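Asker: According to the numbering used here, the sequence shown holds residues 21 to 190 in order. Backbone N, C-alpha and C define an ideal beta-carbon position, used for all residues, glycine too. Note that the coordinates shown come from a computational prediction; the quantities given were computed from them, not determined experimentally.
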Amino acid sequence: VAIQLNDTHPALAIPEMMRLLMDQHGLGWDPAWKITTGVFAYTNHTVMPEALEKWGTNLMGNLLPRHLDIVYEINRRFLNDVRGRFPGDEDRIGRMSIIEEGFEQRVRMAHLSIAGSHSVNGVSALHTEILKNHVLRDFNEMYPERFNNKTNGITPRRWLKKSNPPLTYL
């Protein structure tokens with residue numbers, strides 16, 4: 021099974037998959053996480069940090085308390101991995117945390133999508149390079165094998181040529 025997270029809108033599918041595997045099917049955290057990260061892949065559509073979705077923990081906690089609990093546990097384990105890979109780099113911990121601290125805590129949905137996926141791509145080669153070298157550089161340094169490019173979209177001419185060669189010839 022493969023599930024593509026087309027930008028951050030469907031990022032809640034990650035804690036939902038974990039909830040289903042653990043609460044409905046009785047799996048422990050580690051096997052549920054292995055399945056979850058093996059299933060999900062994330063396509064990022066924006067390089068502007070201000071356009072990346074962030075959901076308030078108060079809202080999420082009121083509407084989806086179990087999902088928020090799972091997000092906190094994902095973040096705890098994820099940050100332990102970051103600390104193990106980059107010891108003493110507390111600035112990096114703050115930048116990479118799935119939970120953004122501040123006046124109100126917020127869930128960084130792109131960070132959740134990256135942590136919970138086995139593949140991360142931009143929508144063009146240039147877009148992917150900007151993600152890897154700027155917007156999501158810390159994540160690329162943590163998981164360079166996850167970042168790849170997949171050009172998004174096709175021109176109508178190319179589509180017609182592939183889908184209907186006789187009409188193209190005409």
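I believe V59 touches M37 by the beta-carbon criterion, under 8 Å. Please report the beta-carbon distance rounded to the nearest angstrom.
Answerer: 7 Å
Asker: Using beta carbons (cut-off 9 Å, strictly below), is L187 in contact with chain C?
Answerer: The structure shown contains no chain C, having only a single protein chain.
Asker: Excluding five sequence neighbours on each side, which residues of the same chain lie with their C-beta closer than 8 Å to the C-beta of T77?
Answerer: L88, I119, E124, Q125, R126 and V127
Asker: Does the distance from the CB of L72 to the CB of T63 come in under 9 Å?
Answerer: no
Asker: Taking the alpha helix (DSSP H) that A33 belongs to, which residues open and close that run?
Answerer: A33 to R39
Asker: Beta carbon of R194, beta carbon of H138: below 9 Å?
Answerer: Any question about residue 194 goes unanswered here, given that the chain covers just 21 to 190.
Asker: With distances taken Cα to Cα, identify the nearest neighbour of P176 among G104, I113, T188 and Y163.
Answerer: Closest by alpha carbon: T188.
Asker: Could you tell me which uninterrupted beta strand (DSSP E) segments, each at least 3 residues in length, are contained entirely in the stretch 62-117, listed from first to last along the chain?
Answerer: 74-76
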